[in-house]
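Novice: So the sequence lines, in the order shown, correspond to chains A and B. The first sequence begins at 170 in this note's numbering and counts up by one. The second sequence begins at 626 in this note's numbering and counts up by one. Beta carbons are placed, not taken as given, at the ideal position from N, Cα and C, and that holds for glycine. Owing to the predicted nature of the structure, the values given are computational and were not obtained by experimental measurement. A single structure is presented below for examination.
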Amino acid sequence: DTEVTQTPKHLVMGMTNKKSLKCEQHMGHRAMYWYKQKAKKPPELMFVYSYEKLSINESVPSRFSPECPNSSLLNLHLHALQPEDSALYLCASSRGQGNQPQHFGDGTRLSIL
Amino acid sequence: AQTVTQSQPEMSVQEAETVTLSCTYDTSESDYYLFWYKQPPSRQMILVIRQEAYKQQNATENRFSVNFQKAAKSFSLKISDSQLGDAAMYFCAYRRNTGANSKLTFGKGITLSVRP
């Protein structure tokens, strides 16, 4: 069982659709992360939230819009995605200090038609 | 900028044998942490082991141990008594000790297969 829960596990959407990915953790972690991962590649950092504030945006296109409604919840809103955005999207959380590992969820497998 | 290098894309090991996965990194920092993550086909990234740069003693977690050579900037993972469940992609990762905004820099990963 994972302590970071991501929904949905799979998502297929057209390029004109709007959808959201959800991530939840109840470990009291104050840092949350979104990663994008292509097959057989390492995860690529997209966004970092620290104490519910966006602290890092790795020059991600505006068709990806993150949101952190509270300390336990992280959303990623998707709109007008491109086929190259098809990937595994991983959420992670950590206590925040550099020595604390990031705990990952199972990811959402996203396919853009 | 920090870089993490895993030069072997694939490795194979016989069940019950020992295998070592190599990793090197480059940094000018003195305060940092190193991690090995495992990602099986089920997709979840699982922390295997971590090492604080200021500690000389190599970290150990059950069948998993590291050989941390700070001067050589090397951080290899040894898996003893390999099991079928160890088959996965393994990522070496580096992180500076600067709080939540410190990025986790991953290597390219290595695919480990375990032969029964």
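So is residue 722 of chain B in contact with chain E if we call contact Cβ pairs under 9 Å?
Specialist: Included in the structure are the protein chains A and B, with no chain E among them.
Novice: Cβ of residue 256 of chain A less than 9 Å from any chain B Cβ?
Specialist: Residue numbering aside, residue 256 of chain A sits at position 87 when the first sequence is read from its first letter. No - not a single Cβ of chain B is within 9 Å of the one on residue 256 of chain A.
Novice: For residue 675 of chain B, return the contacting residues in chain A, with the cut-off set at a CB-CB distance below 8 Å.
Specialist: Position 50 of the second sequence, counted from the first residue, corresponds to residue 675 of chain B. Here the neighbours are 268 and 270.
Novice: Let me make sure I understand the geometry here. Which of A:193, A:173 and A:184 has the alpha-carbon closest to that of residue 239 of chain A?
Specialist: Position 70 of the first sequence holds residue 239 of chain A. The option with the nearest alpha carbon to residue 239 of chain A is A:193.
Novice: Run the CB neighbour count on residue 721 of chain B, radius 10 Å, all protein chains shown included, and call it buried at 16 or more, exposed below.
Specialist: Translated into the one-based positions of the second sequence, residue 721 of chain B becomes position 96. Classification of residue 721 of chain B: buried, given that the 10 Å Cβ count is 16 or more.
Novice: With the cut-off set at 9 Å, would you say residue 202 of chain A and residue 214 of chain A are in Cβ contact?
Specialist: Position 33 of the first sequence holds residue 202 of chain A. Position 45 of the first sequence holds residue 214 of chain A. Yes. Within cutoff.
Novice: Going along chain B in order, which residues have a C-beta closer than 9 Å to the C-beta of residue 276 of chain A?
Specialist: By one-based count along the first sequence, residue 276 of chain A stands at place 107. The contacting residues are 668, 669 and 670.
Novice: Taking the alpha-carbon of residue 741 of chain B as reference, which of B:701, B:680, B:706 and B:671 has the nearest alpha-carbon?
Specialist: Taking the first residue of the second sequence as position 1, residue 741 of chain B is located at position 116. Taking the Cα of residue 741 of chain B as reference, the smallest distance to any Cα among B:701, B:680, B:706 and B:671 is reached at B:706.
Novice: Residue 703 of chain B CB to nearest chain A CB: under 9 Å?
Specialist: Residue 703 of chain B sits at position 78 when you count from the first residue of the second sequence. With its beta carbon at least 9 Å from every one in chain A, residue 703 of chain B lies outside the interface.
Novice: Taking a Cβ distance cut-off of 8 Å, strictly less, list which residues of the segment 232-246 of chain A are near chain B, in chain order.
Specialist: none
Novice: Can you give me the Cβ contacts of residue 225 of chain A inside the same chain, cut-off strictly under 8 Å, excluding the 5 residues immediately before and after it?
Specialist: Your numbering for residue 225 of chain A matches position 56 in the first sequence. Excluding residues within five positions, the ones whose Cβ falls inside 8 Å are 214, 216 and 217.
Novice: List the residues that DSSP assigns as beta-bridge partners of residue 694 of chain B.
Specialist: Here residue 694 of chain B is taken as the residue at index 69 of the second sequence, counted from 1. Under DSSP, residue 694 of chain B shares a beta bridge with B:699.
Novice: Suppose contacts are defined by Cβ-Cβ distances below 9 Å. Is residue 243 of chain A in contact with residue 235 of chain A by that definition?
Specialist: Residue 243 of chain A sits at position 74 when you count from the first residue of the first sequence. Residue 235 of chain A sits at position 66 when you count from the first residue of the first sequence. Going by C-beta atoms, residue 243 of chain A is nearer than 9 Å to residue 235 of chain A.
Novice: By the criterion of Cβ-Cβ separation under 9 Å, what are the contact partners of residue 259 of chain A in chain B?
Specialist: As a position in the first sequence, residue 259 of chain A is number 90, starting the count at 1. Against chain B, a Cβ distance below 9 Å from residue 259 of chain A picks out 668, 669 and 670.
Novice: On the three-state DSSP scale, how would you describe residue 651 of chain B?
Specialist: Along the second sequence, one-based indexing puts residue 651 of chain B at 26. Residue 651 of chain B falls in the strand class under three-state DSSP.
Novice: Under DSSP, the beta strand (DSSP E) around residue 629 of chain B begins and ends at which residues?
Specialist: Counted from its first residue, the second sequence places residue 629 of chain B at position 4. Counting along the chain, the beta strand (DSSP E) containing residue 629 of chain B begins and ends at 628-630.
Novice: Mark residue 170 of chain A as exposed unless 16 or more other C-beta atoms lie within 10 angstroms of its C-beta, in which case mark it buried.
Specialist: Locating residue 170 of chain A in the first sequence gives position 1, counting from the first residue. Summary for residue 170 of chain A: the model assigns pLDDT 47, below 50, so the residue's position carries little reliability; its value from the coordinates is reported in the next sentence. Under this definition residue 170 of chain A is an exposed residue.
Novice: Report yes or no: is there a C-beta of chain B within less than 9 Å of the C-beta of residue 252 of chain A?
Specialist: Within the first sequence, numbered from 1, the residue matching residue 252 of chain A stands at position 83. No, because no Cβ of chain B sits closer than 9 Å to the Cβ of residue 252 of chain A.
Novice: For residue 179 of chain A, count neighbouring C-beta atoms within 10 Å of its own C-beta (all shown protein chains included) and say buried if the count is 16 or more, exposed if not.
Specialist: Numbered from its first residue, the first sequence carries residue 179 of chain A at position 10. Under this definition residue 179 of chain A is an exposed residue.
Novice: Determine, using beta carbons only, whether residue 714 of chain B comes closer than 9 Å to chain A.
Specialist: In the second sequence, counting from the first residue as 1, residue 714 of chain B sits at position 89. Yes - at least one Cβ of chain A is within 9 Å of the one on residue 714 of chain B.
Novice: Please list, in chain order, all residues of the same chain as residue 245 of chain A whose beta carbon is under 7 Å from its beta carbon, the five residues on each side excluded.
Specialist: For this step, residue 245 of chain A is matched to residue 76 along the first sequence. Closer than 7 Å at Cβ, skipping near neighbours: 189, 190, 203, 233, 235 and 258.
Novice: Pairs of beta-carbons, one from the segment 684-692 of chain B and one from the segment 658-675 of chain B, closer than 8 Å: are there three or more?
Specialist: yes
Novice: CB-CB under 7 Å to residue 229 of chain A, same chain, minus the five flanking residues each way: which ones, in chain order?
Specialist: Residue numbering aside, residue 229 of chain A sits at position 60 when the first sequence is read from its first letter. These residues qualify, in order along the chain: 215 and 216.
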